[in-house]
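The structure appears right after this line, and notes come after that.
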Amino acid sequence: MTARVLKRLKKERFPDEVVDKLSRTFDVLGDPTRVRIISALSKNELCVAEIALLLDMTHSAISHQMRALRDLDLVRSRKEGRNVYYRLNDDHIENLFKEGLKHVMEKI
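Mind the numbering: the sequence shown is residues 398 to 505 in our numbering, read in order.
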């Protein structure tokens, strides 16, 4: 590799903050419970109680998981009465999930 190529690659590196957030995003998606939540939310908007029933978990445990997903802007919420409903934040998250799933399913 030439010095010119190395110089170009170094110049094109992502800023540390981008690398950090991307790394944290993949880390959050590396948890089986959160993968199940993302899968469910890729199909339908759900409240914490519904997710808890679906995954046989407590409201508290689901709320903890939702906070991690919300902190990285992977999900968004809306309040309706006493319930908070969640959905995937945008198509990028759904596409990331589906591409990862497609990759895994090809290997099985």
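Ideal Cβ placement from N, Cα and C applies to all residues, glycine included.
Could you compute how far the alpha carbon of residue i sits from the alpha carbon of residue j?
i: residue 413; j: residue 500; result: 28 Å
i: residue 404; j: residue 487; result: 35 Å
i: residue 435; j: residue 470; result: 12 Å
i: residue 498; j: residue 410; result: 28 Å
i: residue 441; j: residue 406; result: 41 Å
i: residue 429; j: residue 475; result: 24 Å
i: residue 423; j: residue 452; result: 21 Å
i: residue 408; j: residue 456; result: 46 Å
i: residue 504; j: residue 496; result: 13 Å
i: residue 415; j: residue 502; result: 29 Å
i: residue 477; j: residue 448; result: 16 Å
i: residue 427; j: residue 483; result: 20 Å
Assuming the contact rule is C-beta atoms closer than 8 Å, residue i and residue j should be a hit. Round their C-beta distance to whole Å, please.
i: residue 431; j: residue 462; result: 6 Å
i: residue 425; j: residue 450; result: Not a contact, Cβ separation roughly 23 Å.
i: residue 472; j: residue 438; result: 6 Å
DSSP puts residue i in a beta bridge; with which residues?
i: residue 477; result: 480
i: residue 443; result: 483
i: residue 472; result: 485
Is residue i near residue j, with beta carbons less than 7 Å apart?
i: residue 444; j: residue 480; result: yes
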